[in-house]
Amino acid sequence: METENPNEENFRKLLQKAAIDKPRTDFTENVMKKVSVEWQHIATTEEAALKMLIQGTSLEKPSVAFTNQVLRALPVAAPAIRYQPIISKRTWYWIAAAAVLVIAACFYFPGNTSEQTPKVISVIEQATRSTYIISDKMNNVPQHYSLIIIGLAALMLFDYFLRLKAIKLGKS
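Position in the sequence shown counted from 1, then plus 2, gives you our numbering.
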């Protein structure tokens, strides 16, 4: 250790003699005061700069015809599609009347002989007798009612498919 520099040796002695520095009791308070003063200074200068910037720039106002010019520049929209049913109400009434006439004609115009029942009625009777869904009380119901129910069900089914097609056409 004899090769040590004399400055280093003096430095070591100085460190041993020096005591640990203790800050004053109000050190933290003084530092915080200085920091808050600095922040206040920064805030006031920023606020002043912002006020100058705002005062230096004025709000731009569009011309009087600005809205009209923008509206003219927009492309013309296609007219809205107005819903119209494929078959009007009046046509539905004619279809219902024709169906009622056809069903009534089946009852009043029998086959070739006067004793023979119409084929439509015989088919309906066979269909109702062969199923177990319809009870025996169905025989007491007049045949006109069952034909009307079948006709209305057919019209409702036809209406359902027409509306479904109209919806598909409206989406495309």
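In this text, a Cβ means the ideal position worked out from N, Cα and C, and glycines have one as well. If you're wondering where the values come from, they're calculated on a predicted model, not measured in any experiment.
Is leucine 164 closer than 8 Å to isoleucine 88 when the C-beta atoms are compared? yes
Work out the CA separation of lysine 91 and tyrosine 85 for me, nearest whole Å. 14 Å
In the DSSP assignment, find the unbroken alpha helix (DSSP H) run with threonine 30 in it and report its ends. Threonine 30: member of the alpha helix (DSSP H) spanning 29-58, first to last residue.
Rounded to whole angstroms, what is the Cα-Cα separation between isoleucine 152 and glutamine 145? 11 Å
Note down the Cα distance separating threonine 30 from leucine 55, rounded to an integer number of angstroms. 37 Å
Once the 5 residues before and after tryptophan 41 are set aside, which same chain residues still bring their CB inside 7 Å of it? Around tryptophan 41, the same chain offers no residue with a beta carbon nearer than 7 Å, after the five sequence neighbours per side are excluded.
Residue environment, leucine 149, which counts as buried when at least 16 other CB atoms sit within 10 Å: buried
Inter-residue spacing [alpha-carbon to alpha-carbon] between isoleucine 105 and leucine 76: 59 Å
The alpha helix (DSSP H) enclosing asparagine 7, as first and last residue numbers: Asparagine 7 -> no alpha helix (DSSP H), and no H or E assigned at all.
Neighbourhood of leucine 17 by C-beta, 6 Å cutoff - its chain only, sequence neighbours within 5 removed: Sequence-distant Cβ neighbours of leucine 17 in its own chain, meaning closer than 6 Å and more than five residues away, do not exist here.
So, for leucine 157: in the same chain, excluding its five sequence neighbours on each side, which residues have a beta-carbon less than 6 Å away from its beta-carbon? Once the five neighbours on either side are set aside, leucine 157 has no close Cβ partner at all.
Nearest by alpha-carbon distance to tryptophan 94: which of Lys53, Leu154, Glu127, Glu48 is it? Nearest C-alpha to tryptophan 94: Leu154.
Continuous alpha helix (DSSP H) stretch holding valine 72: start and end: Run containing valine 72: 68-75, per the alpha helix (DSSP H) assignment.
With burial defined as no fewer than 16 other Cβ atoms inside 10 Å of the residue's Cβ, what is the status of isoleucine 44: buried or exposed? Of the other Cβ atoms in all chains shown, fewer than 16 fall within 10 Å of the Cβ of isoleucine 44; this residue is therefore exposed.
For proline 8 and valine 33, I'd like the C-alpha separation in whole angstroms. 39 Å
Bounding residues of the alpha helix (DSSP H) (the contiguous stretch that carries aspartate 161): 145-173
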